[in-house]
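Novice: In terms of this note's numbering, the sequence shown opens at residue 920 and continues consecutively.
Even for Gly, the Cβ is constructed at its ideal location relative to N, Cα and C.
Mind looking over this structure? Questions follow.
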Amino acid sequence: MGKRPATTRVLERVEADHTRLDLFIIDEKNGIPLGRPWLTVLYDTHTKSIVGFYLGFEPPSYLSVSLALVNAILPKEHVKELYPSVEGCWPCYGLPEHLIVDNGTEFNSSDFKIACKDLKIKVKKNPTKKPWLKGSVERYFRTINNRLLSRIPGKSFTNVFERKDYDPLENAVIDS
């Protein structure tokens, strides 16, 4: 099995990917389920940091990737202003040098290619059937779904046998 290339600096190698979260969101006014949100992440392999993300109901697309890229590129000082209870800072921002993607249609769109070319971001496609070359972001998603969301009411399950008689829609408490 091959190894992922080593890095020597921040933003040299950023992995991009999406996952549908194992969590149902409820409309706070009507109490009806809105569905499971998508998380698009840009993960810097050198610092092992999330440099940008998009969280919402937009499925993997040029829009979701663009919103995650904008979040990655821009400074994030505004987070402390919007949420004064946040104690730490999020100093991660800038243009990725190499953006590692899979063969999803959103990464093959002409708009995506043009945007990356204009921003001087080199897009590198992961070869098919070699997931270990983009394993950092995959492990991050597994951690989110298996550890962070596992104790939150409304968690869905990827495996119906794990769920047993638990009803995630009935138990969902996170609202929009």
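Given that a residue counts as buried once 16 or more other Cβ atoms are within 10 Å of its Cβ, and exposed if not, what is residue 960?
Specialist: Position 41 of the sequence shown holds residue 960. Result: buried.
Novice: From the DSSP output, in three-state form, read off residue 962 for me.
Specialist: Numbered from its first residue, the sequence shown carries residue 962 at position 43. Three-state DSSP puts residue 962 in a strand.
Novice: Within a Cβ cutoff of 6 Å, which residues of the same chain sit near residue 1021, ignoring the five residues on either side of it in sequence?
Specialist: Within the sequence shown, numbered from 1, the residue matching residue 1021 stands at position 102. If we look at residue 1021 and ignore the five residues flanking it on each side, its Cβ neighbours are 1045.
Novice: Per DSSP, residue 936 is paired with what?
Specialist: In the sequence shown, the residue the question calls residue 936 occupies position 17. Per DSSP, 960.
Novice: Could you check if residue 927 is buried or exposed, using at least 16 other CB atoms within 10 Å of its CB as the buried criterion?
Specialist: Along the sequence shown, one-based indexing puts residue 927 at 8. Residue 927 should be labelled exposed.
Novice: Would you kindly report the start and end of the unbroken alpha helix (DSSP H) that includes residue 972?
Specialist: For the purposes of this step, residue 972 is identified with residue 53 of the sequence shown, where counting begins at 1. Looking at the DSSP string, residue 972 is not in any alpha helix (DSSP H); the run it does join, the beta strand (DSSP E), is 968-975.
Novice: Tell me whether residue 984 sits in a helix, a strand or coil according to DSSP, three-state version.
Specialist: If you number the sequence shown from 1, residue 984 lands on position 65. Reduced to three states, the DSSP call for residue 984 is helix.
Novice: Taking only the alpha-carbon atoms, compute the straight-line gap between residue 1096 and residue 977 and give it to the nearest angstrom.
Specialist: Given that the chain is displayed from residue 920 to residue 1095, the structure contains no residue 1096 and the question cannot be resolved.
Novice: Among all the DSSP beta bridges, which residues are the ones paired with residue 1017?
Specialist: Position 98 of the sequence shown, counted from the first residue, corresponds to residue 1017. DSSP output for residue 1017 lists 932, 1041 as bridge partner(s).
Novice: If we ignore side chains and look at the alpha-carbon of each, how far apart do residue 932 and residue 1040 end up?
Specialist: Position 13 of the sequence shown holds residue 932. Position 121 of the sequence shown holds residue 1040. Rounded to whole angstroms, residue 932 to residue 1040 spans 10 Å at the Cα level.
Novice: Are the segment 990-1008 and the segment 940-952 in contact at 8 Å, needing three or more beta carbon pairs?
Specialist: Short answer: they don't touch.
Novice: How far does the beta strand (DSSP E) with residue 953 in it extend, from its first residue to its last?
Specialist: As a working note, residue 953 is residue 34 in the sequence shown. Taken as a continuous stretch (DSSP letters only), the beta strand (DSSP E) holding residue 953 covers 952-954.
Novice: Please list, in chain order, all residues of the same chain as residue 1100 whose beta carbon is under 6 Å from its beta carbon, the five residues on each side excluded.
Specialist: Any answer about residue 1100 is impossible in this case: the structure gives the chain only from 920 up to 1095.
Novice: So which of 998, 1026, 1043 has the shortest CA-CA distance to residue 1018?
Specialist: By one-based count along the sequence shown, residue 1018 stands at place 99. Of the candidates 998, 1026, 1043, the one whose C-alpha sits nearest the C-alpha of residue 1018 is 1043.
Novice: Mind checking whether the beta-carbon of residue 1010 lies closer than 7 Å to any heavy atom of the ligand PLP?
Specialist: By its list of ligands, the structure shown contains no ligand whatsoever, and the ligand PLP lies outside what it can speak to.
Novice: What residue range does the alpha helix (DSSP H) around residue 923 cover?
Specialist: Start at 1 with the first residue of the sequence shown, and residue 923 comes out as number 4. Run containing residue 923: none; DSSP gives neither H nor E here.
Novice: Note down the Cα distance separating residue 992 from residue 943, rounded to an integer number of angstroms.
Specialist: The count along the sequence shown starts at 1 and reaches residue 992 at position 73. The count along the sequence shown starts at 1 and reaches residue 943 at position 24. Each residue's alpha carbon lies about 29 Å from the other.
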